[in-house]
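Below is one structure, written out as structure tokens, with a few remarks after it.
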Amino acid sequence: MAALSRALFMHRINLLSQRLANQIAAGEVVERPASVVKELLENSLDSGATRLDIDVEQGGVKLIRVRDNGTGIQKDDLALALSRHATSKIKELADLESIGSLGFRGEALASISSVSRLSLQSLAAAASDGLAWQVQVEGQDMEAAVTPVSHPEGTTVEVRDLFFNTPARRKFLRTEKTEFGRIEETVKRLALSRFDVQFTLNHNQRSLHQLQAARSDFEKQRRAGLVCGPAFVENSVFVDMERAGLRLWGWVSLPTFSRSQADLQYFYVNGRIIRDKLVAHAIKQAYRDVLFHGRHPAYVLYLELAPAAVDVNVHPTKHEVRFRDSRLVHDFLFSALHKALAEVRPEDHIAASADAAEAPANQPHSGASDDFYQMESQKPLTLSESSSVHQLSDYSRSAERGQYYQPSAQPRPQLDSLAKLYEADEEIPPLGYAIAQLHGIYILAQNKDGLIVVDMHAAHERITYERMKAASLNEKLKMQPLLVPVSIAVSQTEADCAEEQRETLLGLGIELERVAQESIVVRQVPTLLKDSNVEQLVRDVLSDVLEYGSSERIQAHHDELLSTMACHGSVRANRHLTIPEMNSLLRDMEATERSGQCNHGRPTWVYQSLDALDKLFLRGQ
Numbered sequence: 114m115a116a117l118s119r120a121l122f123m124h125r126i127n128l129l130s131q132r133l134a135n136q137i138a139a140g141e142v143v144e145r146p147a148s149v150v151k152e153l154l155e156n157s158l159d160s161g162a163t164r165l166d167i168d169v170e171q172g173g174v175k176l177i178r179v180r181d182n183g184t185g186i187q188k189d190d191l192a193l194a195l196s197r198h199a200t201s202k203i204k205e206l207a208d209l210e211s212i213g214s215l216g217f218r219g220e221a222l223a224s225i226s227s228v229s230r231l232s233l234q235s236l237a238a239a240a241s242d243g244l245a246w247q248v249q250v251e252g253q254d255m256e257a258a259v260t261p262v263s264h265p266e267g268t269t270v271e272v273r274d275l276f277f278n279t280p281a282r283r284k285f286l287r288t289e290k291t292e293f294g295r296i297e298e299t300v301k302r303l304a305l306s307r308f309d310v311q312f313t314l315n316h317n318q319r320s321l322h323q324l325q326a327a328r329s330d331f332e333k334q335r336r337a338g339l340v341c342g343p344a345f346v347e348n349s350v351f352v353d354m355e356r357a358g359l360r361l362w363g364w365v366s367l368p369t370f371s372r373s374q375a376d377l378q379y380f381y382v383n384g385r386i387i388r389d390k391l392v393a394h395a396i397k398q399a400y401r402d403v404l405f406h407g408r409h410p411a412y413v414l415y416l417e418l419a420p421a422a423v424d425v426n427v428h429p430t431k432h433e434v435r436f437r438d439s440r441l442v443h444d445f446l447f448s449a450l451h452k453a454l455a456e457v458r459p460e461d462h463i464a465a466s467a468d469a470a471e472a473p474a475n476q477p478h479s480g481a482s483d484d485f486y487q488m489e490s491q492k493p494l495t496l497s498e499s500s501s502v503h504q505l506s507d508y509s510r511s512a513e514r515g516q517y518y519q520p521s522a523q524p525r526p527q528l529d530s531l532a533k534l535y536e537a538d539e540e541i542p543p544l545g546y547a548i549a550q551l552h553g554i555y556i557l558a559q560n561k562d563g564l565i566v567v568d569m570h571a572a573h574e575r576i577t578y579e580r581m582k583a584a585s586l587n588e589k590l591k592m593q594p595l596l597v598p599v600s601i602a603v604s605q606t607e608a609d610c611a612e613e614q615r616e617t618l619l620g621l622g623i624e625l626e627r628v629a630q631e632s633i634v635v636r637q638v639p640t641l642l643k644d645s646n647v648e649q650l651v652r653d654v655l656s657d658v659l660e661y662g663s664s665e666r667i668q669a670h671h672d673e674l675l676s677t678m679a680c681h682g683s684v685r686a687n688r689h690l691t692i693p694e695m696n697s698l699l700r701d702m703e704a705t706e707r708s709g710q711c712n713h714g715r716p717t718w719v720y721q722s723l724d725a726l727d728k729l730f731l732r733g734q
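Here the sequence shown is numbered in our numbering, starting from 114 and rising by one per residue.
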């Protein structure tokens with residue numbers, strides 16, 4: 114060990130060779146063939162290209178060729194383009210603070226050329242002589258040789274034998290199929306970011322993807338369906354909201370179209386795909402009480418804001434960004450998506466189902482077992498248990514006395530209701546009219562296009578929950594002074610945050626005071642949360658405020674309690690409902706936000722069109 118230390122100190126400081134410096138940089142930029150494709154495509158898009166042709170062989174290890182019809186590169190700039198820190202996208206510090214291009218570091222081509230055999234052919238649109246030129250990197254010193262070549266307007270970059278001179282890096286590559294799959298995913302991401310560009314992807318001389326340029330809304334939706342699958346488009350809602358210099362648009366999936374993995378999530382900031390904790394948290398919060406536990410939403414979303422309001426110079430891969438006003442962005446994303454999901458009504462679900470050839474394979478089944486409804490924890494609340502909560506509705510009290518569901522709308526007689534289905538001038542509600550009750554659990558309803566099956570407990574649970582939330586919002590948040598104030602040891606950063614955000618925390622129902630450099634005392638908490646773990650709650654809230662500028666934990670805990678009470682106060686399985694009562698429940702579902710899911714994220718109803726039923730019974734075949 115001593116000998117090793119002496120050896121280290123004996124080495125003199127040397128200037129790294131250009132090739133070695135580029136190879137070190139390549140370790141950050143060129144992780145695998147997909148990284149090469151990403152950098153080359155981003156350069157092409159920055160050049161104004163409207164057509165991109167990508168040819169790949171052996172998963173990108175043998176060959177990666179990207180051809181575009183962009184503005185091209187002039188002869189005098191060809192050799193310079195392969196040098197480190199050489200770029201046409203920024204010139205001074207002001208440009209770095211407001212980046213509008215995908216690339217800006219000027220390291221990609223130099224890094225790629227240091228670990229491969231690279232050639233670049235280009236004909237500049239501004240070339241007066243109309244001649245195209247080629248540059249190749251050869252030799253240990255990476256000397257560039259420029260020669261004339263025949264080439265249309267635009268640029269072609271050819272990368273052969275990736276990592277041929279760094280065999281250790283090559284050992285870490287996966288199979289050809291895996292590496293090409295990552296290249297394919299990279300192309301899909303960029304295809305979703307630029308609808309106006311045509312993409313062609315070939316692998317081993319075989320054409321796999323041909324995406325035409327999309328300009329109209331219909332064509333954009335069609336491309337989203339080609340990339341993400343038709344089921345995603347059929348089970349998603351379009352969002353387009355703008356506020357405070359921010360615009361969010363794109364598609365978000367219905368809660369019933371959830372995924373077991375977070376593999377269908379694309380988020381773009383000014384056309385750049387990113388992975389950001391703040392964004393992920395805001396979207397997760399928007400789906401908080403409508404998504405089944407352990408499931409993930411699917412979305413393709415685009416956030417547009419001033420380039421100066423976001424810093425993209427955070428990570429070499431350019432996948433991470435930093436917002437100037439992170440709280441504003443977080444609150445905007447949450448409120449926009451929360452509102453969009455709240456506005457989804459049964460007719461949206463039915464329209465989506467009607468367009469689909471069949472129901473999505475990953476849609477959760479609506480019918481849970483009877484054990485779910487008869488769990489010991491779901492026994493109705495007694496009056497003593499509920500007396501402290503004024504928000505408890507009449508639903509729970511009626512359920513305790515064994516009464517039926519109390520309708521909020523005027524019921525119609527069964528025959529009159531069903532007769533309306535066959536009257537041409539009568540507007541049929543989306544969920545139709547009830548025709549029967551099945552096993553005391555499900556309501557069977559008929560609309561003009563098919564059959565509706567409703568889980569009456571889950572549906573009533575959502576209705577009750579939303580009414581209790583609305584009632585709670587109309588009243589001032591009540592606070593409970595702690596008999597013995599809770600002293601919490603925190604870091605200095607957390608203590609500073611608690612002191613600076615004292616008014617914000619007070620608005621959340623938490624009154625605290627800083628008593629030392631690394632200590633705070635909690636004196637009051639929201640009344641509904643007085644029996645919770647105060648220390649853990651405060652720590653979580655402070656963590657959220659530090660990370661995102663705000664916290665939804667108080668509201669989440671509050672909603673969780675209301676959800677539990679709504680579950681206890683809802684009609685149970687095996688409770689007989691009359692036809693008018695069932696129709697009233699259907700009307701309430703149509704008027705209630707997020708009525709497609711119960712408080713736990715399960716679907717409250719499913720739809721079978723006549724066409725789907727005909728297929729089941731082979732009618733007309």
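Note that beta-carbon positions come from the ideal geometry of N, C-alpha and C, so glycine has one too.
Review point. When you compare each of E665, D181, Y555 to Q398 by their alpha carbons, which one comes out closest?
Key: Of the candidates E665, D181, Y555, the one whose C-alpha sits nearest the C-alpha of Q398 is E665.
Practice item. Would you identify the three-state DSSP class for N315, choosing helix, strand or coil? Key: In this structure, N315 counts as strand in the three-state DSSP scheme.
Point to revise | Helix, strand or coil at E613 [DSSP, three-state] | key: If DSSP states are grouped into helix, strand and coil, E613 belongs with the helices.
Check your understanding: When the distance is taken between beta carbons, is V352 closer than 8 Å to W362?
Key -> With contacts defined by Cβ atoms closer than 8 Å, W362 and V352 form a contacting pair.
Check your understanding: Apart from the five residues just before and just after I633, which ones in its own chain have a Cβ nearer than 7 Å to its Cβ?
Key -> Answer for I633: I601, V603, A608, A611, L625, E626, R627, listed in chain order.
Check your understanding: If N315 sits next to V174, beta carbons under 8 Å apart, how far is it from one beta carbon to the other, in whole angstroms?
Key -> Taking 8 Å as the upper bound for CB-CB distance, N315 and V174 are not in contact here, some 16 Å apart.
Exercise for review: Measure the alpha-carbon distance for F730 versus F345 and round it to whole angstroms.
Suggested key: Distance between the alpha carbons of F730 and F345 is about 27 Å.
Check your understanding: Of all the beta strand (DSSP E) runs that stay within the bounds of the region 344-400, which reach a length of 3 or more residues?
Key -> The region 344-400 contains these whole beta strand (DSSP E) runs: 349-356, 359-366, 378-382.
Review point. Mind checking A237: buried by the 16 CB within 10 Å criterion, or exposed?
Key: With 16 or more neighbouring CB atoms inside 10 Å of its own CB, A237 falls in the buried class.
Review point. Is there contact here, the region 406-426 with the region 365-383, by at least three beta-carbon pairs under 8 Å?
Key: Taking 8 Å as the limit for Cβ pairs, the verdict is that the region 365-383 does touch the region 406-426.
Point to revise | Three-way DSSP call (helix, strand, coil) for S600 in this model | key: Look at S600 here: in three-state DSSP terms it is strand.
Check your understanding: I623: which of E648, T606, Q605 sits nearest, CA to CA?
Key -> The shortest Cα separation from I623 among E648, T606, Q605 belongs to E648.
Review point. Can you name the start and end residues of the alpha helix (DSSP H) that L191 belongs to?
Key: Run containing L191: 188-194, per the alpha helix (DSSP H) assignment.
Point to revise | 8 Å Cβ cutoff met for L165 and V270 | key: Against a cut-off of 8 Å, the Cβ pair of V270 and L165 comes out as no contact.
Exercise for review: For L176, I'd like the list of residues in its chain whose CB is within less than 8 Å of its CB, leaving aside the five on either flank, ordered along the chain.
Suggested key: Result list for L176: D168, V169, E170, E271, V272, R273, in chain order.
Point to revise | Beta-carbon contacts of T291 that lie in its chain and below 8 Å, excluding the five residues immediately before and after | key: The residues are G172.
Check your understanding: Is it buried or exposed for R145, if we count other Cβ within 10 angstroms and need 16 for buried?
Key -> It is buried - the Cβ of R145 has at least 16 other Cβ atoms within 10 Å.
Check your understanding: At what residues does the alpha helix (DSSP H) containing P280 begin and finish?
Key -> Where P280 is concerned, the enclosing alpha helix (DSSP H) stretches over 280-284.
Practice item. Within its chain, find whatever has a CB closer than 6 Å to the CB of S497; leave out the 5 residues flanking it on each side and keep chain order. Key: Here S497 scores only 34 on pLDDT, less than 50, and its place in the model should not be relied on; the value that follows carries that caveat. Counting only Cβ-Cβ distances below 6 Å, and skipping sequence neighbours, we find nothing.
Exercise for review: Verify whether the separation of the beta carbon atoms of G216 and D181 is less than 8 Å.
Suggested key: Remark: C-beta atoms of G216 and D181 do not approach each other more closely than 8 Å.
Practice item. Grab me the residues of L723's own chain with a C-beta within less than 7 Å of its C-beta, minus the 5 sequence neighbours each way, in chain order. Key: In the same chain as L723, and ignoring 5 residues on each side of it, the C-beta atoms closer than 7 Å to its own belong to D562, G563, in chain order.
Review point. Quick one, which of Q187, K431, L446 has its alpha-carbon nearest D438's?
Key: Answer by Cα proximity: L446.
Review point. Are the CB atoms of L367 and V457 nearer to each other than 8 Å?
Key: Yes. Within cutoff.
Check your understanding: When we look at the beta-carbon of S148 and count the other beta-carbons within 10 Å, is it buried (16 or more) or exposed?
Key -> Note on S148: 16 or more other CB atoms within 10 angstroms of its CB, so buried under the neighbour-count rule.
Check your understanding: So what's K728 in DSSP terms, helix, strand or just coil?
Key -> Residue state, collapsed to three classes: helix.
Exercise for review: Mind the definition here: the region 545-556 touches the region 680-690 only if three or more C-beta pairs lie below 8 Å; say whether that holds.
Suggested key: As far as the Cβ criterion goes, the region 545-556 touches the region 680-690, which means the pair count is three or higher.
Review point. DSSP state of D736, grouped into three classes?
Key: The displayed coordinates of the chain run from 114 to 734. Any statement about residue 736 would go beyond what the structure contains.
Check your understanding: DSSP state of S499, grouped into three classes?
Key -> Legend: pLDDT at S499 = 35, less than 50; position of this residue unreliable, no value from coordinates given.
**Study point:** Supposed contact pair V413 and L305 - C-beta distance, whole angstroms, cut 8 Å
**Key:** Taking C-beta atoms under 8 Å as the contact rule, L305 and V413 qualify, at a distance of about 6 Å.
Check your understanding: Does the pairing of the region 191-199 with the region 330-338 give three or more beta-carbon distances under 8 Å?
Key -> With a cut-off of 8 Å, the region 330-338 and the region 191-199 do not count as touching, because too few Cβ pairs lie within range.
Point to revise | Three-state secondary structure assigned by DSSP to V442 | key: Residue state, collapsed to three classes: helix.
Exercise for review: Compute the Euclidean distance between the alpha carbons of L450 and Q734, then round it to the nearest angstrom.
Suggested key: Take the alpha-carbon of L450 and the one of Q734: they are about 43 Å apart.
Check your understanding: Smallest Cα separation from S226: which of S196, Y578, G358, Q311?
Key -> The residue with the shortest Cα to Cα distance from S226 is S196.
Exercise for review: Starting from G338, follow the alpha helix (DSSP H) in both directions and report where the run begins and ends.
Suggested key: It spans 330-341 - the alpha helix (DSSP H) in which G338 sits, taken as one unbroken run.
**Study point:** Three-state secondary structure assigned by DSSP to I126
**Key:** I126 falls in the coil class under three-state DSSP.
Exercise for review: Please classify V719: is it buried, with 16 or more other beta-carbons within 10 angstroms of its beta-carbon, or exposed?
Suggested key: Buried, since its Cβ has 16 or more Cβ neighbours within 10 Å.
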